[in-house]
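K.L.:
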Amino acid sequence: MPAVSKGDGMRGLAVFISDIRNCKSKEAEIKRINKELANIRSKFKGDKALDGYSKKKYVCKLLFIFLLGHDIDFGHMEAVNLLSSNKYTEKQIGYLFISVLVNSNSELIRLINNAIKNDLASRNPTFMCLALHCIANVGSREMGEAFAADIPRILVAGDSMDSVKQSAALCLLRLYKASPDLVPMGEWTARVVHLLNDQHMGVVTAAVSLITCLCKKNPDDFKTCISLAVSRLSRIVSSASTDLQDYTYYFVPAPWLSVKLLRLLQCYPPPEDAAVKGRLVECLETVLNKAQEPPKSKKVQHSNAKNAILFETISLIIHYDSEPNLLVRACNQLGQFLQHRETNLRYLALESMCTLASSEFSHEAVKTHIETVINALKTERDVSVRQRAVDLLYAMCDRSNAPQIVAEMLSYLETADYSIREEIVLKVAILAEKYAVDYTWYVDTILNLIRIAGDYVSEEVWYRVIQIVINRDDVQGYAAKTVFEALQAPACHENLVKVGGYILGEFGNLIAGDPRSSPLIQFNLLHSKFHLCSVPTRALLLSTYIKFVNLFPEVKPTIQDVLRSDSQLRNADVELQQRAVEYLRLSTVASTDILATVLEEMPPFPERESSILAKLKKKKGPSTVTDLEDTKRERSVDVNGGPEPAPASTSAVSTPSPSADLLGLGAAPPAPAGPPPSSGSGGLLVDVFSDSASAVAPLAPGSEDNFARFVCKNNGVLFENQLLQIGLKSEFRQNLGRMFIFYGNKTSTQFLNFTPTLICSDDLQPHLNLQTKPVDPTVEGGAQVQQVVNIECVSDFTEAPVLSIQFRYGGTFQNVSVQLPITLNKFFQPTEMASQDFFQRWKQLSNPQQEVQNIFKAKHPMDTEVTKAKIIGFGSALLEEVDPNPANFVGAGIIHTKTTQIGCLLRLEPNLQAQMYRLTLRTSKEAVSQRLCELLSAQF
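So the sequence shown is numbered by the UniProt record's numbering: it starts at 1 and just counts up by one.
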């Protein structure tokens, strides 16, 4: 940049600034500013032409006045005139004024664009940089349309100076972030990748920032950057601090560039080239080794730079999740930070270890730090660090350490910050259920949880306790005894009264033989809490009382007296009054047989996802918890699932009302009486007694429901029965995807001749290419094997491939088939659009064959946040503040196939009163609109 000459000091500006600073009051400042504005206005309108210096001085004063917070409505033309000056200082002030005060709708924008074009074509590097800085600072769509084609040319031109290349790369990055559709992908993309080899480190740093942004939406165009990035990273990591003197920061060579290169590599899977991969692994090992070396400086800047590279290296190792040695080393390195005096380092270490805990290679290494994490939970002062410690304990929990972790979390819960108590309660409830070998421990844990943090125990938690107790005969008597003892405390939380009322109403007869818990004592104990409870809990207790009439005829008169009392029959709450009247009448006129039939024990609940886990996912966001849950190595079978239990009353005598559905079942009918459901997904059991099997078994019953759940997510358990568990973890970019299939042997016996086969129908084969490698034919008991599937979408399709698994278990041939959730929406790339652009494109796709609309009844609760999460999970961008009706949801994206790209717009209109949706999809291809509409409609 040229030096400012002595004559450019602008003494008048300095005097004006001094006057402003010396003002004693706001009024004095305004008076001085108004005087100066009048003077500048008169100078601009005067007959005498101003020279460049005077224009620059007055424009500078206007800029200073604007920065003080005052409106400026003149002087813009004079600033534009400065752009045509050949003096650097005058041109600089003109560009500065325009960057700050001129908006994209200004009438002067055409003149400004002409001046910028002249400077870009001047080949004067100083003027070119000023012009590029102005484009980036304004960053408007009009600027993008005018210069998006010129800037890539300047960037890759052989005669562009290094400073110009830097500015061009950052300017193009700014325009791409503002309007990605304006930046054309062309032959320059291959050339910009080679800037990673540039000798000037500043050019490389700017180019890495640009390529990292571009490759997220166009990974194939920049795939060659992997080897170049690894090569550059290797040179930096292996260099001494004296080798890159201009870019060494406190003895750390090029830390910013190193971090950017590591982030760029996280946009791609591990390198396929063995040499490149080996060189990258060597780089990562070198960074881990340097972290163990004594620091070369005691200054905090040195440790910050060094740790920034280390944490980004660990993020890359976690992203690849394929090098066991590196993962374990990364875990050990993070373990050293858990007791570091710097709070930020402790926080980052805990956060990174949460992700490491979900990897099969490093899970055991993470578990070795359990005592340190527990100590952090007890002694850490910063609440955010304590919360990360809770997250890590949750992530590292398995069967071997569940009792210890649950006990520590319960202990911490008594003193935990109020902001995180509900989340801890949910996690304790999930872990207690998931890893409960002895369900008496589970019951004790949940009751203790209610005692410690009853106000934070949501309904989902105590619903789940009741589901599990009802579904397991072996724990019912213990549960009844335990809640009876817990209710004897002088002060009981209302949630405990709910659990106690429900369980004693169902299984109080199992402890009635003990004189200390006779029927009358049970009733009196519950009724002593009645007057302290809310209306919904009182309604539940009335249902318990009528259950007692059936279980214990000897307390019938006592209960009838309670129901007959004025406080019940004339209760101000219509629900309590109605229950009292109907229950009293039922107990009076019904025979013993009718009572036994109407008030029989609740049947087992059918299986479904734990409502507690669903609530935690909703609280933490759709991705965080799902990833931790779905990628766990060890998963227990959820034998207790089911919807929320029905109220302990009878629909035969109770008119529905808003508060009648005490336990949240809604209109769903109870399951028929029968034995508890078997382990795993009962509907998916393989016929283990079959002597022979067809080449491809029919799809397992219920697999369609599992398939539908994967439309809006990529990770999770696809299939599970008593023998086998199939988990998926997948990622998609444009028309390519990679899916990791995990086959887990849940038994202690080997699977022999284990052969998974991917089958595409004749109609599907031309549209979808699948490549995979065979897996080990022997799967040891309790072991897990992995299969990688590479996916290429050639053109749009409607069917899904079938995964057929054949193996021999205990001498019996097994054959399982499930649909693999590879659907068209997986190749969605989200597209951000402004409201005007969205509706303009919407009108363009107005032909009848381009639109598909579906009006359907909501199958799930109409929750706004869940709906947003599903639309984002579906693959499209969720466009905020686009639709005039804020209740509607709109999205946009592009389906990428090998042969074409298909733009897609969607609009979802919920009707809360009617509990219905209207879904409209518009694409340029009718079959695509139809398929996407079918897939998305099934999610709501």
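Cβ atoms here follow ideal geometry from the backbone N, Cα and C, with glycine treated the same way. Predicted, not measured: the structure shown is a model, and the values here were computed from it.
Consult DSSP for Y917 and reduce its assignment to one of helix, strand or coil.
P.N.:
DSSP places Y917 in strand when its eight states are reduced to three.
K.L.:
With burial defined as no fewer than 16 other Cβ atoms inside 10 Å of the residue's Cβ, what is the status of G781: buried or exposed?
P.N.:
Exposed, because fewer than 16 other Cβ atoms sit within 10 Å of the Cβ of G781.
K.L.:
Go ahead and label R232 buried or exposed: buried means 16 or more other beta carbons lie within 10 angstroms of its beta carbon, across all protein chains shown.
P.N.:
Buried is the call here.
K.L.:
Please report the Cβ distance between L392 and C354, rounded to the nearest whole angstrom; I am assuming they are in contact, meaning their Cβ atoms lie under 8 Å.
P.N.:
About 5 Å separates the two Cβ atoms, so the contact holds.
K.L.:
Would DSSP call S362 helix, strand or coil?
P.N.:
If DSSP states are grouped into helix, strand and coil, S362 belongs with coil.
K.L.:
Taking the straight line between their C-alpha atoms, what separation do you get for L724 and R141?
P.N.:
In a straight line, the C-alpha of L724 is about 55 Å away from that of R141.
K.L.:
Is DSSP giving N847 helix, strand or coil here?
P.N.:
Here N847 sits in coil by DSSP.
K.L.:
Just list the residues that DSSP pairs E142 with in beta bridges.
P.N.:
For E142, which the question treats as bridged, DSSP gives no partner whatsoever.
K.L.:
Locate the alpha helix (DSSP H) running through G810, then write down its first and last residues.
P.N.:
Counting along the chain, G810 falls outside any alpha helix (DSSP H), and DSSP gives it neither H nor E.
K.L.:
Within its chain, find whatever has a CB closer than 8 Å to the CB of V535; leave out the 5 residues flanking it on each side and keep chain order.
P.N.:
Excluding residues within five positions, the ones whose Cβ falls inside 8 Å are D573, E575, L576 and S659.
K.L.:
How long is the line joining the alpha carbons of A877 and K55, rounded to whole angstroms?
P.N.:
Taking the straight line joining both Cα atoms gives about 47 Å.
K.L.:
Report the rounded CA-to-CA distance for G727 versus F740, giving the unit in angstroms.
P.N.:
Whole-angstrom Cα-Cα distance: 8 Å.
K.L.:
Taking C-alpha atoms, which residue in G501, K434, H493 and M10 lies nearest to I466?
P.N.:
Comparing Cα-Cα distances from I466 to each of G501, K434, H493 and M10, the minimum goes to G501.
K.L.:
Between the C-alpha atoms of Y743 and V775, what's the straight-line distance to the nearest angstrom?
P.N.:
Approximately 10 Å between the Cα atoms of the pair.
K.L.:
Would you check if the distance between the CB atom of L264 and the CB atom of V208 is smaller than 8 Å?
P.N.:
Their beta carbons are under 8 Å apart, which means L264 touches V208 by this criterion.
K.L.:
Hey, quick one: how far does the alpha helix (DSSP H) through residue 968 stretch, first residue to last?
P.N.:
Since the first residue shown for the chain is 1 and the last is 940, residue 968 is missing from the structure and cannot be characterised.
K.L.:
Hey, is the region 491-499 in contact with the region 512-523, meaning 3+ C-beta pairs nearer than 8 Å?
P.N.:
The region 491-499, when compared against the region 512-523, does not touch it at the 8 Å Cβ threshold.
K.L.:
Here's the rule: buried if 16 or more other CB atoms are within 10 angstroms of the residue's CB, otherwise exposed. What is K57?
P.N.:
That one is buried.
K.L.:
Just to confirm, is the Cβ distance from G144 to L175 under 8 Å?
P.N.:
For G144 and L175, yes; Cβs fall inside 8 Å.
K.L.:
Of all the options A429, M602 and Q92, which has the alpha carbon lying nearest to the alpha carbon of D119?
P.N.:
The shortest C-alpha separation from D119 is found at Q92.
K.L.:
May I ask you to report which of helix, strand or coil DSSP gives K48?
P.N.:
DSSP places K48 in coil when its eight states are reduced to three.
K.L.:
When burial is assigned at 16 or more other CB atoms within 10 Å of the CB, is I511 buried or exposed?
P.N.:
Under this definition I511 is a buried residue.
K.L.:
For E881, which of E832, R931, I759 and F605 has the nearest alpha-carbon?
P.N.:
Minimum Cα distance to E881 is reached at E832.
K.L.:
Please report how far the alpha carbon of L350 lies from the alpha carbon of T372, in whole angstroms.
P.N.:
Answer to the nearest angstrom: the Cα atoms are 11 Å apart.
K.L.:
Out of E934, M862 and G875, point me to the one whose CA is closest to Q915's CA.
P.N.:
Checked all of E934, M862 and G875; the closest Cα to Q915 is M862.
K.L.:
Is Q467 close to chain C? Criterion is C-beta to C-beta, closer than 8 Å.
P.N.:
The question asks about chain C, but that chain is absent: this structure has only one protein chain.
K.L.:
Measuring only the C-alpha atoms, how far is S817 from N325?
P.N.:
Each residue's alpha carbon lies about 35 Å from the other.
K.L.:
Please report the residue range of the beta strand (DSSP E) in which Y743 lies.
P.N.:
L736 to N745 is the extent of the beta strand (DSSP E) around Y743.
K.L.:
Spell out a yes or no on whether the region 842-853 and the region 744-753 are touching, meaning 3 or more CB-CB pairs, one atom from each, closer than 8 Å.
P.N.:
No, the region 842-853 does not touch the region 744-753.
K.L.:
In this structure, how does DSSP classify Q476 when only helix, strand and coil are distinguished?
P.N.:
In this structure, Q476 counts as helix in the three-state DSSP scheme.
K.L.:
Tell me the rounded alpha-carbon separation between T189 and S167.
P.N.:
The alpha-carbon atoms of T189 and S167 are separated by roughly 17 Å.
K.L.:
Taking C793 as the reference, give the member of F940, H896 and G12 with the closest Cα.
P.N.:
Minimum Cα distance to C793 is reached at H896.
K.L.:
Give me the DSSP bridge partner(s) of Q787.
P.N.:
Note: Q787 sits in a beta bridge opposite I741.
K.L.:
Does the Cβ-Cβ distance between A148 and V183 come in under 8 Å?
P.N.:
Closer than 8 Å, so yes.
K.L.:
Exposed or buried, A131, counting other C-beta atoms within 10 Å across all chains shown (16 or more means buried)?
P.N.:
By the neighbour-count rule (16 or more Cβ atoms within 10 Å), A131 is buried.
K.L.:
What are the boundary residues of the beta strand (DSSP E) that includes Q725?
P.N.:
L724 to R733 is the extent of the beta strand (DSSP E) around Q725.
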